[in-house]
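Participant: From first to last, the protein sequence lines stand for chains A and B. Just so we're on the same page, the working numbering is the position in the first sequence counted from 1, plus 1. Just so we're on the same page, the working numbering is the position in the second sequence counted from 1, plus 11. We put the CB at the ideal spot given by N, CA and C, even for glycine.
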Amino acid sequence: MTAILFIAQRASAAVLAFAVTVHLATILYAVRGGLTAGEVLGRTRDNHWFFAFYVLFVLAVAVHAPIGLRNVLREWTRWHGRSLDVALALFSVLLLILGIRAALAVYVSPERLFG
Amino acid sequence: MALDSESALAVDVWRGAAEGRFQTFQVPRRAHQTILDVVTEIQRDQDATLSYRFACRVGMCGSCAMVVNGRPRWTCRTRVSEAVTGDGKLQLEPLRNFTVVKDLTVDMAAFFDKWRDAKGHFEPAPIEKDGEPGSPMPQADFQVVPPATPERQAADAGIECIGCGVCHSACDVVAWNKDYLGPAPLNRAWTLVNDVRDAGNDARIDAVSGSAGCHACHSHMNCTEFCPRGIAPTYSIAGLKRAMISRALGRKS
Numbered sequence: 002m003t004a005i006l007f008i009a010q011r012a013s014a015a016v017l018a019f020a021v022t023v024h025l026a027t028i029l030y031a032v033r034g035g036l037t038a039g040e041v042l043g044r045t046r047d048n049h050w051f052f053a054f055y056v057l058f059v060l061a062v063a064v065h066a067p068i069g070l071r072n073v074l075r076e077w078t079r080w081h082g083r084s085l086d087v088a089l090a091l092f093s094v095l096l097l098i099l100g101i102r103a104a105l106a107v108y109v110s111p112e113r114l115f116g
Numbered sequence: 012m013a014l015d016s017e018s019a020l021a022v023d024v025w026r027g028a029a030e031g032r033f034q035t036f037q038v039p040r041r042a043h044q045t046i047l048d049v050v051t052e053i054q055r056d057q058d059a060t061l062s063y064r065f066a067c068r069v070g071m072c073g074s075c076a077m078v079v080n081g082r083p084r085w086t087c088r089t090r091v092s093e094a095v096t097g098d099g100k101l102q103l104e105p106l107r108n109f110t111v112v113k114d115l116t117v118d119m120a121a122f123f124d125k126w127r128d129a130k131g132h133f134e135p136a137p138i139e140k141d142g143e144p145g146s147p148m149p150q151a152d153f154q155v156v157p158p159a160t161p162e163r164q165a166a167d168a169g170i171e172c173i174g175c176g177v178c179h180s181a182c183d184v185v186a187w188n189k190d191y192l193g194p195a196p197l198n199r200a201w202t203l204v205n206d207v208r209d210a211g212n213d214a215r216i217d218a219v220s221g222s223a224g225c226h227a228c229h230s231h232m233n234c235t236e237f238c239p240r241g242i243a244p245t246y247s248i249a250g251l252k253r254a255m256i257s258r259a260l261g262r263k264s
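1. Mapping DSSP to helix, strand and coil, what is Met232(B)?
2. Against chain A, does Ser230(B) count as a neighbour if the rule is that its beta carbon must be under 7 Å from one of theirs?
3. So is Gly261(B) in contact with chain A if we call contact Cβ pairs under 7 Å?
4. Between Ala19(B) and Val38(B), how many whole angstroms is the CB-CB distance? I'm expecting something under 8 Å.
5. Name the residue from Ser62(B), Leu61(B), Gly27(B) and Arg88(B) whose alpha carbon lies nearest to the alpha carbon of Leu47(B).
6. By Cβ distance, which residues of its chain are closer than 6 Å to Arg64(B), with the 5 residues on each side in sequence left out?
7. Residues of chain B with CB under 8 Å from Arg79(A), in chain order?
8. Restricting to runs no shorter than 4 residues, where is the alpha helix (DSSP H) found entirely within the region 179-205 of chain B?
9. What does Ile5(A) touch in chain B if you count any residue whose Cβ is under 9 Å from its own?
10. Could you pull out every residue in the same chain whose Cβ sits closer than 7 Å to the Cβ of Val16(A), ignoring the five residues on either side in sequence?
11. If we define contact as Cβ-Cβ less than 7 Å, is Ala28(A) a contact residue for chain B?
12. State whether the region 42-56 of chain A contacts the region 70-90 of chain A, with contact taken as three or more CB pairs (one from each stretch) at a distance under 8 Å.
13. Please name the residues in the region 69-101 of chain A whose beta-carbon is closer than 9 Å to at least one beta-carbon of chain B, in chain order.
14. Which of helix, strand or coil does DSSP assign to Val109(A)?
15. Taking the CB atoms as reference points, tell me whether Val79(B) and Ala94(B) lie closer together than 7 Å.
16. Which of the three DSSP states, helix, strand or coil, is assigned to Trp80(A)?
17. Please report the straight-line C-alpha distance between Pro157(B) and Arg163(B), rounded to a whole angstrom.
18. Under three-state DSSP, which class holds Thr22(A)?
19. Comparing C-alpha positions only, which one of Ile170(B), Arg90(B), Trp126(B) and Val184(B) sits nearest to Arg41(B)?
20. My output table needs one value for Gly250(B): the three-state DSSP class, helix, strand or coil.
21. Could you tell me the boundaries of the beta strand (DSSP E) in which Ala19(B) lies?
22. When you compare each of Thr22(A), His65(A) and Ile98(A) to Ile8(A) by their alpha carbons, which one comes out closest?
23. With a cut-off of 7 Å, does the C-beta of Ser220(B) fall near any C-beta of chain A?
24. Buried or exposed for Lys125(B), please, with buried defined as at least 16 other CB atoms from any protein chain shown within 10 angstroms of its CB.
25. For the structure I just gave you, are there three or more beta carbon pairs, one from the region 23-40 of chain A and one from the region 81-92 of chain A, closer than 8 Å?
26. Considering only the alpha carbon of each residue, which of Pro194(B), Gly174(B), Thr235(B) and Pro161(B) lies closest to Leu251(B)?
27. For the alpha helix (DSSP H) that Phe123(B) lies in, which residues bound it at each end?
28. With a threshold of 7 Å between beta carbons, is His132(B) in contact with chain A?
29. Taking 6 Å as the cut-off, does the CB of Arg163(B) come closer than this to any heavy atom belonging to the ligand COA?
30. Quick check: the region 174-193 of chain B against the region 226-234 of chain B, are there 3 or more CB pairs under 8 Å?
31. Provide the residue span of the alpha helix (DSSP H) that contains Gln164(B), from first to last.
32. Considering only their Cβ atoms, is the gap separating Gly221(B) from Thr3(A) smaller than 7 Å?
33. Across which residues does DSSP place Asp209(B) in a beta bridge pair?
34. Which stretch, first to last residue, makes up the alpha helix (DSSP H) that contains Leu42(A)?
35. Considering only the beta carbon of each residue, do Cys175(B) and Ile242(B) sit closer than 7 Å?
36. Might you give, ordered along the chain, the residues of its own chain that have their beta carbon closer than 6 Å to the beta carbon of Met12(B), omitting 5 neighbours on each side?
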């Protein structure tokens, strides 16, 4: 189990190194370029590449963050065992839901949702 | 004994066990004096009840390790001039992360239990003889591992450990997590992983892959900084992580 978590932690870190760089560069570009919210949404809506990238990003976060948090908690607190693992699995699901929801919010057009 | 700071050392020595206090001794400074010389002089001339441990006096046995002015080191191979403060003070403590028996003497049992738990013993592989597998013990013949081969050199990297406990004393993770196997047992496990004659790697990599094994290492490199043999247990532990990944992904390490 430790071995699988260790590999998952390293592999997700490799994805994050790439994804965080792209994410920050995109934000800087959008802000400095003076794009309006409407212009940003115009570029993200129905953009399959954009959505696929953020799904990958969110998946990597949902894998990476709970494993790291588990290591920190096990090292610095007395919380060990099954209850910790269940709590962090739920935390992972929470990150996944929040992340995918945010990505969907800028990907799906309102007409497709409500029209 | 009244000696000025030019000719005397003020030596704070830990007295007691887990609970205790520092006792100050005045010891004359001598040319080429080692820390072990200082402790021996205190014990012989000033207080015969002082407990400490040594055997070889030449850096072979590893039994005289103590914490000298905050740094774990072999006292027999440390000259006073290397360790003393500018105003002639020395502070001698027993190794950290060990149970203190008395004064400067620690109990090494828990440390060596971790060598056992890390499967730090040689597991002989059966040797083929005339195309037939031989019996594992006793070995039918010597197995030749030429010194120049990469396999032998990989095993050589960590083989000179003499189990003095300096790295164990210096390691932050050992201090935080009492179950952590620690740099010396993991270095031993890595040495055996690289020993082509050894057949115990499945059990060994399992033993070092738990939450108290190689993954607990934070790569602070205190062990590598303080090892008096110049071994780099941090790299041995990194090697174990790689071996574990190879095994988990189904490759032969």
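Facilitator: If we stick to the structure as given:
1. coil
2. no
3. no
4. 7 Å
5. Arg88(B)
6. Ser74 and Thr116
7. Near Arg79(A) there are no residues of chain B at all, since even the closest Cβ is about 12 Å away, more than 8 Å.
8. 183-187 and 194-204
9. Ala259
10. Leu57 and Ala61
11. The residue asked about is misnamed: residue 28(A) is Ile in this sequence, not Ala. False, the Cβ-Cβ gap to chain B never drops below 7 Å.
12. no
13. Asn72, Arg75, Glu76, Trp77 and His81
14. coil
15. yes
16. coil
17. 7 Å
18. helix
19. Arg90(B)
20. helix
21. Ala19 to Gly27
22. His65(A)
23. yes
24. buried
25. no
26. Pro194(B)
27. Ala120 to Asp128
28. no
29. Here there are no bound small molecules, and the ligand COA is not part of this structure.
30. yes
31. Pro161 to Asp167
32. yes
33. Pro135(B)
34. Ala38 to Thr45
35. no
36. The predicted position of Met12(B) is uncertain, since its pLDDT is 48 and thus under 50; a value taken from the coordinates is nonetheless stated next. These residues qualify, in order along the chain: Gln37.
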